[in-house]
Every structure is written in C-alpha cells, then in structure tokens.
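Enquirer: Dumping the structure here so I can ask a few things about it.
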Amino acid sequence: LAKTTQPISMDSYEGQEVNITCSHNNIATNDYITWYQQFPSQGPRFIIQGYKTKVTNEVASLFIPADRKSSTLSLPRVSLSDTAVYYCLVGPGGNTPLVFGKGTRLSVIA
Amino acid sequence: GAGVSQSPSNKVTEKGKDVELRCDPISGHTALYWYRQSLGQGLEFLIYFQGNSAPDKSGLPSDRFSAERTGGSVSTLTIQRTQQEDSAVYLCASSFGQLKQPQHFGDGTRLSIL
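Here the protein sequences come in this chain order: A and B. Going by the numbering used here, -4 is the number at position 5 of the first sequence; the sequence numbering is gapless. So the numbering used here is basically just the index in the second sequence, starting at one, shifted up by 279.
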C-alpha cells in the first residue's frame, strides 16, 4: 500500500486559503489520490479525488504534480466550519481497501 | 436521500458481554466497510465486503470480532466477550463497486465497555 505523510495539525485564520500537502513517494501507476474531511462525532466525508494535474469542485481543489509523489488539497477562504480532520488516501493497492492515517487537524481561528 | 445508517448510536455494556452493531448501507452500493476509530486516532480498517465475493477480513483484530452481510445489504458487526480495549467508535461505509469509488460513511456507533 502507498503510505502517506501529512502534517499532524495546521492553524489558519478565517478567510485565508489553506493548503494541506500530502507526500506519497511510492504511489503506484493505478493509484488515485482521495481526500476526506471528518468533523467531530461524524463519519468522514469525501471531498475530492484526482489522478493527475488539477481537479476542482465546489468545495476544494486538488493539485497533483507530474511525478504524483505528493498532492496538495487547497481550501479557499476557510471559515470556522472548516475546522476538521483532513485525510489523504492513496490507492487502491490491488484489492486492498484504502488506509486512513491520522490525518491533518485543521483549526480555523476567527 | 438516505445515507448510511448505523445503530445503535451509542452502546454501553459490561466487559465480557457480546455486542452487535448494525449498518444499513446506501441502496445499490455493493461494497461495505467497517472501521474502528479510537479517541483522537485515525480509522482502523476491520473488514470489507464486495458483492458476493468472500469478505476481506484482514483487519479484524482478533477472533472475537466477526461480521456478516445478509442479502448484499445490511451488515452486522459482532464483538464477543468484549474487553475494555474494544471501546471505540465503530464506523461503517458503503460505496459502489470499485475500491477507488468514494466511501459514504455513517456517523458510527460509540461503544463503551465498562
């Protein structure tokens, strides 16, 4: 399984753009990069998924360089409600389900 | 529309008792996953069902843990002879067939073993 490394925590002020980078040096050719968001007392929620270059939806953008060894989740103009844990996953590795790490705890400050 | 539903939302039981946790996946989703999340930790994969294939049980921590999925829909996670270290939030997710498909999670069952 491709292992991921992401910061344990980040702080940001409201209204700022937040970029969370995930390293996945041994990503495989058929692996996708997927990000989830988890609020306290809730299950994770899918945010965005990509394979290469850039993907954008109504919530976030995902930037993936050509070598695909890292990816950056970009949250535009965060608000207090974006305070959550963000997980970066890489896979699938064959028939094995994706592995959730400990994620990045984002705290948005007023 | 209806999301993944888990019941009960909270369960408190004494050490040594058996517990059953239920998951109702989204209709039409062929894949179903169980995870465990201890306080402040990431998600620990437990078991994965895909259609009629044999489940991937590689994440089950001991033989006290088992899971069934009846009729390709509802799933039950059973923990026998519960121990205090089993206390955690148990999360269920479902998705369309392929592993890369986004998983849709329930809000979990918070299990507390006294």
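Yeah, the Cβ is synthetic: ideal placement off N, Cα and C, and Gly gets one too. Note that the structure is a prediction, hence the values are computed from the model and not measured.
Rounded to the nearest angstrom, what separates SER374 of chain B and THR20 of chain A at their Cα positions?
Expert: 22 angstroms
Enquirer: Should SER32 of chain A be labelled buried (16 or more other beta-carbon atoms within 10 Å of its own) or exposed?
Expert: exposed
Enquirer: Would you list, in chain order, the members of the stretch 343 to 355 of chain B that have their beta-carbon closer than 9 angstroms to a beta-carbon of chain A?
Expert: none
Enquirer: Where DSSP assigns a beta bridge to GLN380 of chain B, which residues make up the other side?
Expert: The partner list for GLN380 of chain B (beta bridge, DSSP) is empty, contrary to what the question assumes.
Enquirer: Assuming SER55 of chain A and ILE24 of chain A make a contact with CB atoms under 8 angstroms, what is their CB distance in whole Å?
Expert: Checking the sequence shown, residue 55 of chain A turns out to be Ile, not Ser. Indeed they touch by this definition, with Cβ atoms about 6 angstroms apart.
Enquirer: Residues of chain B with CB under 7 angstroms from GLN40 of chain A, in chain order?
Expert: Residues of chain B passing the Cβ test: PRO381.
Enquirer: Does any residue of chain B bring its CB to less than 8 angstroms from the CB of GLN103 of chain A?
Expert: The requested residue 103 of chain A does not occur in the structure, where chain A is confined to residues -8 to 101.
Enquirer: For SER374 of chain B, which three-state DSSP category applies?
Expert: strand
Enquirer: Is the beta carbon of LEU339 of chain B closer than 8 angstroms to that of ILE326 of chain B?
Expert: Cβ distance < 8 angstroms, so ILE326 of chain B and LEU339 of chain B count as in contact.
Enquirer: What is the DSSP secondary structure of SER72 of chain A, counted as helix, strand or coil?
Expert: helix
Enquirer: Using 8 angstroms as the threshold, is the stretch 308 to 319 of chain B in touch with the stretch 361 to 376 of chain B, meaning 3 or more CB pairs across them?
Expert: yes
Enquirer: At the 8 angstroms Cβ level, is ALA367 of chain B part of the contact set with chain A, yes or no?
Expert: no
Enquirer: Report the residue ranges of all beta strand (DSSP E) runs contained in full by the stretch 317 to 353 of chain B; include only those spanning at least 3 residues, in chain order.
Expert: 322 to 329 and 344 to 348
Enquirer: List, in order along the chain, the chain A residues whose C-beta lies closer than 9 angstroms to that of GLY295 of chain B?
Expert: By Cβ distance, chain A contributes nothing, its closest Cβ being about 27 angstroms from GLY295 of chain B, past 9 angstroms.
Enquirer: Rounded to whole angstroms, what is the Cα-Cα separation between SER288 of chain B and HIS308 of chain B?
Expert: 22 angstroms
Enquirer: Under 8 angstroms, Cβ to Cβ, is there at least one residue of chain A near ASP303 of chain B?
Expert: no
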